[in-house]
Structures are given as structure tokens and as C-alpha cells.
Amino acid sequence: MHKKVAVKKLPLLGSVSVLTGSSIFWIATFAILTFLAAQLAIPVKPVPFTLQTMLVLLSAAFLGSKNSAISQVTYLTMGVIGLPVFAAFSFGPATLFGPTGGYLLSFPVAAFIVGYLIEKFESKLAVFLSMLLGNTLILLIGSIFLASFFDGNLAEAFISGAAIFSVWGLIKVAAAASIYIVLSKRFPKLPA
20 MHKKVAVKKL
30 PLLGSVSVLT
40 GSSIFWIATF
50 AILTFLAAQL
60 AIPVKPVPFT
70 LQTMLVLLSA
80 AFLGSKNSAI
90 SQVTYLTMGV
100 IGLPVFAAFS
110 FGPATLFGPT
120 GGYLLSFPVA
130 AFIVGYLIEK
140 FESKLAVFLS
150 MLLGNTLILL
160 IGSIFLASFF
170 DGNLAEAFIS
180 GAAIFSVWGL
190 IKVAAAASIY
200 IVLSKRFPKL
210 PA
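Under my numbering, the letters of the sequence shown match residues 20 to 211, in that order.
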């Protein structure tokens, strides 16, 4: 069901791997989809409800560990260099040091871990549990980072940055797992 990471070894370069044109297309596509999902937001403070994490999970499932992590690093890079891709069309390095910074910085890590687990364990239950773990990692890392905006109060940060998202997170995990399971039957693998 899942393909190997889409890289080609160039004979002249020895062990250096390069991405194929097709994998670059899909990496860019998921970076752009993550941007679009960031704009579908319910603006609450200090962290808005968005669909970004759902796209992080879907990128992991469809692209695999390495390419999904690259896709999320691409998304973050777009925002850091000044493209308005973060929630509410925000941008710049300061966003990574704001209340949502921990969540954003956790995207490549979660994408890699979820992608890796789905590559190793392809059952429907494994897809759901991998995505649940990834979503939980995003919320935990985000909450720990958010604590610095609550004078180091982890409990308050957890309530404001993770607990309020628990039901929303489960809905996104279930939706992402369902989308992947249905689409992966029709499209067994994305072109490498």
C-alpha cells in the first residue's frame, strides 16, 4: 500500500539522494494544502482552531516519513521567508516565537513519525493510531511551548493549548484516517 521514499541516487554523486520531479510536486502540493488549511480557522486565543494538523497527518500518510517532513519544512520555510501562509495570513520568523510556534515547529516531527509508522504498519487501526499519536505530539509540543506565554504554567497552557482541542483533534484524526484509507484504495501510491 505504501511506497518507498521517492528519491533517486545519482551515479556520479555516490550516496547523495535527490528528489524526483514528481515527489517535488507532491511535497509542494501538501505544503500549499497546509497553507490553505491554516486559513480555515476559528479565531480563538491564544491558538486558533484550524485544519492544519489534519493536513500534516494526511501528508504523512500519502508522502511517507521523509517527504512529508520535507513538505512541512517547506511550509514553515515559506512562512519564515515572508509568504503569508500561517493562520490568519501571518508570516515571518516572529510567528515561530509566538503562541503557535510550538505547534508549527512540531509539524515536521509529527509528519515524519506518523509517516514512518504508517510505512511500517499498514493496517487501518495502525493508520488511526499513528495519526492519533501525531496529533497528540503536536498538541503536547505546542502546549509546552505555549507555557512560556502563561508564565511557565504548564497546567494552564495544557488546558488552553491541548485540552480544548481534544474533541476537535479526534474529529480531525478520524477524518484524516478515513480520507487516507478510502483514497489509498483508489490511488495505491502517489507517483514517485
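For each residue, glycine too, the CB sits at the ideal point set by N, CA and C. This one's a predicted model, so the numbers in the text were calculated from it and none came from an experiment.
Take residue 74 and list the residues in its own chain whose beta-carbon comes closer than 6 Å to its own, dropping the five residues that flank it on each side.
By 1-based counting over the sequence shown, the position of residue 74 is 55. Here residue 74 has 52, 53, 56 as same chain residues with Cβ atoms under 6 Å from its own Cβ, once five neighbours each way along the sequence are excluded.
If you check the beta carbons only, do residue 127 and residue 88 fall under 7 Å apart?
Mapped onto the sequence shown, residue 127 falls at position 108. Mapped onto the sequence shown, residue 88 falls at position 69. Closer than 7 Å, so yes.
Would you kindly work out how many angstroms separate the C-alpha atoms of residue 61 and residue 203, rounded to a whole number?
Locating residue 61 in the sequence shown gives position 42, where the first residue counts as 1. Locating residue 203 in the sequence shown gives position 184, where the first residue counts as 1. C-alpha of residue 61 to C-alpha of residue 203: approximately 30 Å in a straight line.
Exposed or buried, residue 96, counting other C-beta atoms within 10 Å across all chains shown (16 or more means buried)?
The count along the sequence shown starts at 1 and reaches residue 96 at position 77. Exposed: under 16 other Cβ atoms inside 10 Å.
Less than 6 Å between C-beta atoms, sequence neighbours within five positions excluded: which residues of the same chain meet that for residue 112?
Numbered from 1 along the sequence shown, position 93 holds the residue referred to as residue 112. So the qualifying residues of the chain are 99.
To which residues of the same chain is residue 102 closer than 7 Å at the C-beta, ignoring the five residues directly before and after it?
On the sequence shown, residue 102 is found 83 positions in, with the first residue counted as 1. 110, listed in sequence order.
Taking three-plus beta-carbon pairs below 8 Å as touching, is the stretch 165-179 in contact with the stretch 131-150?
The stretch 165-179 is not in contact with the stretch 131-150.
On the premise that residue 121 lies in contact with residue 161, defined as a C-beta separation below 8 Å, what is that separation, rounded to the nearest angstrom?
Residue 161 sits at position 142 when you count from the first residue of the sequence shown. Residue 121 sits at position 102 when you count from the first residue of the sequence shown. Contact between residue 161 and residue 121 is confirmed by a C-beta separation of about 4 Å, below the 8 Å threshold.
DSSP three-state label for residue 99, please.
The residue you call residue 99 lines up with position 80 of the sequence shown. Residue 99: helix per DSSP, three-state reduction.
What three-state label does DSSP hand residue 84 in the structure shown?
Residue mapping note: residue 84 aligns to position 65 of the sequence shown, counting from 1. It is helical.
Counting only the same chain and skipping the five closest in sequence on each side, list residues whose C-beta sits under 7 Å from that of residue 150.
Counting from one through the sequence shown, the residue named residue 150 turns up at place 131. Within the same chain, and ignoring the five residues on either side of residue 150 in sequence, the residues whose Cβ sits closer than 7 Å to its Cβ are 76, 133, 192, 195, 196.
Candidates 66, 106, 173, 46: closest to residue 91 by CA position:
On the sequence shown, position 72 is the one that residue 91 refers to. Nearest C-alpha to residue 91 among 66, 106, 173, 46: 46.
Hey, would you say residue 184 sits closer than 7 Å to residue 158, going by beta carbons?
To locate residue 184, count along the sequence shown from 1; it is residue 165. To locate residue 158, count along the sequence shown from 1; it is residue 139. For residue 184 and residue 158, yes; Cβs fall inside 7 Å.
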